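Worksheet: one structure, shown below.
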Amino acid sequence: MGERPVRRSDELVELLERYAKEDGTRETEIPGLRFIRASRITEPVHSVYEPSLCVVAQGSKEVLLGEERYQYDPASYLTASVYLPITGQIMEASPDAPYLSVQLQLDMNQILEVIQAAEQAGKPKHESGRGLVVSRLGDSLLEAVLRLVRLLDTPEDIPVLAAGFIREIIYRVLQDEQNAAMKQFALLGSRAQRIAKVIERMNREFAQPLKVEELAEEARMSASSLYSYFREVTGMSPIQYQKQLRLQEARRLLLSEGLGAADAAYQVGYESPSHFSREYTRKFGLPPGRDLQRLRETLGR
Numbered sequence: 001m002g003e004r005p006v007r008r009s010d011e012l013v014e015l016l017e018r019y020a021k022e023d024g025t026r027e028t029e030i031p032g033l034r035f036i037r038a039s040r041i042t043e044p045v046h047s048v049y050e051p052s053l054c055v056v057a058q059g060s061k062e063v064l065l066g067e068e069r070y071q072y073d074p075a076s077y078l079t080a081s082v083y084l085p086i087t088g089q090i091m092e093a094s095p096d097a098p099y100l101s102v103q104l105q106l107d108m109n110q111i112l113e114v115i116q117a118a119e120q121a122g123k124p125k126h127e128s129g130r131g132l133v134v135s136r137l138g139d140s141l142l143e144a145v146l147r148l149v150r151l152l153d154t155p156e157d158i159p160v161l162a163a164g165f166i167r168e169i170i171y172r173v174l175q176d177e178q179n180a181a182m183k184q185f186a187l188l189g190s191r192a193q194r195i196a197k198v199i200e201r202m203n204r205e206f207a208q209p210l211k212v213e214e215l216a217e218e219a220r221m222s223a224s225s226l227y228s229y230f231r232e233v234t235g236m237s238p239i240q241y242q243k244q245l246r247l248q249e250a251r252r253l254l255l256s257e258g259l260g261a262a263d264a265a266y267q268v269g270y271e272s273p274s275h276f277s278r279e280y281t282r283k284f285g286l287p288p289g290r291d292l293q294r295l296r297e298t299l300g301r
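Residue 32 in UniProt numbering is what sits at position 32 of the sequence shown, and the numbering runs on without skipping anything.
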């Protein structure tokens with residue numbers, strides 16, 4: 001890595017250490033921009049990635065999507081084009097060199113505007129692709145991210161300049177061939193965009209019975225095509241995807257809402273508490289009650 005990129009990386013670390021002084025996630029004054037800090041290697045955390053860009057300034061993180069593993073660090077960045085249930089773990093962090101990252105929520109309308117302005121709406125080689133991609137972080141994208149983060153030093157400039165800097169970030173991301181599929185997720189009527197709409201609906205209605213034929217009709221494709229393209233984008237089948245959403249929400253209800261296992265099971269769509277308990281154990285390694293106890297001990301509750 002040359003001298004100039006090193007200086008940019010050092011500046012991003014300095015800015016994040018200044019604005020994210022404590023471990024956790026910090027929302028910023030720039031809509032959609034947040035910082036994440038961790039002073040130690042973490043246990044695996046189950047969550048749902050929203051469409052977003054993630055840039056690591058220091059440390060490294062591993063993400064598990066289905067059976068696939070993605071690792072990214074200061075030399076790379078991650079993009080999520082659709083909502084994806086993942087398991088994330090910070091792999092490199094310490095009190096002296098904490099994990100520091102930038103996460104920017106991506107708006108599909110903004111992506112479409114950039115595509116149209118850059119006349120990039122031509123059909124790529126592949127119309128669909130995985131909704132999660134790790135790419136090499138180039139100088140132009142890093143500088144664009146820095147320009148956005150620097151605005152926090154002059155908050156009066158945010159209303160005027162932030163939207164333009166975000167458009168540049170999106171443009172730099174779309175220039176990367178590995179993110180070619182992201183264009184299709186934004187283009188109205190494309191196959192990828194229809195799958196993205198199905199994913200959005202499943203995130204809203206995950207507690208309802210899964211009706212693949214109905215989803216296929218909404219996506220204007222056969223059930224077998226929906227299954228195939230859904231797996232191409234998410235790395236899992238619609239049933240597996242729904243199961244991940246249900247179990248993650250059930251775990252949240254157990255920990256944050258104080259619900260019992262049976263009530264949490266019914267609320268996320270399970271009809272049988274015993275079936276829920278078996279699937280929960282396979283997912284998290286312990287039955288609901290014991291897992292809840294472990295989580296409370298870990299969090300000091």
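Even glycine gets a Cβ: it sits at the ideal position worked out from N, Cα and C. The model shown is predicted, which means the values in this text are computed figures rather than measured ones.
Item: C-alpha gap between residue 211 and residue 103, whole angstroms; Value: 33 angstroms
Item: Own chain, CB closer than 8 angstroms to residue 143, minus 5 neighbours either side, in chain order; Value: 8
Item: Chain-order list of residues whose beta-carbon lies under 6 angstroms from that of residue 282 (same chain, five-residue window excluded); Value: none
Item: Under the three-state DSSP convention, the category residue 41 falls into; Value: coil
Item: First through last residue of the beta strand (DSSP E) which encompasses residue 148; Value: Residue 148 -> not in any beta strand (DSSP E); alpha helix (DSSP H) instead, spanning 139–150.
Item: Sub-9 angstroms separation of residue 202 and residue 240 beta-carbons; Value: no
Item: Proximity below 9 angstroms, CB of residue 113 to CB of residue 89; Value: no
Item: Straight-line gap, residue 47 to residue 153 (C-alpha atoms, nearest Å); Value: 31 angstroms
Item: Proximity below 9 angstroms, CB of residue 132 to CB of residue 68; Value: yes
Item: Local Cβ density within 10 Å of residue 28, reported as buried at 16 or more and exposed below that; Value: buried
Item: Nearest-angstrom Cα separation, counted from residue 274 out to residue 31; Value: 42 angstroms
Item: Assigned exposure category for residue 293 - 16 Cβ within 10 Å defines buried; Value: exposed
Item: Limits of the unbroken alpha helix (DSSP H) element including residue 168; Value: 158–175
Item: Cα-Cα separation, residue 76 to residue 57; Value: 10 angstroms
Item: As assigned by DSSP and simplified to three states, the class of residue 266; Value: helix
Item: Every unbroken alpha helix (DSSP H) within the region 200–270, with a cutoff of 4 residues, ordered by chain; Value: 212–219, 223–234, 238–252 and 261–267
Item: As assigned by DSSP and simplified to three states, the class of residue 83; Value: coil
Item: Selection from 234, 141 and 209 that minimises the alpha carbon distance to residue 181; Value: 234
Item: Sufficient close CB pairs (3 or more, under 8 angstroms) joining the region 263–270 to the region 155–173; Value: no
Item: Proximity of residue 37 and residue 24 at Cβ, strictly below 9 angstroms; Value: yes
Item: Inter-residue spacing [alpha-carbon to alpha-carbon] between residue 191 and residue 185; Value: 8 angstroms
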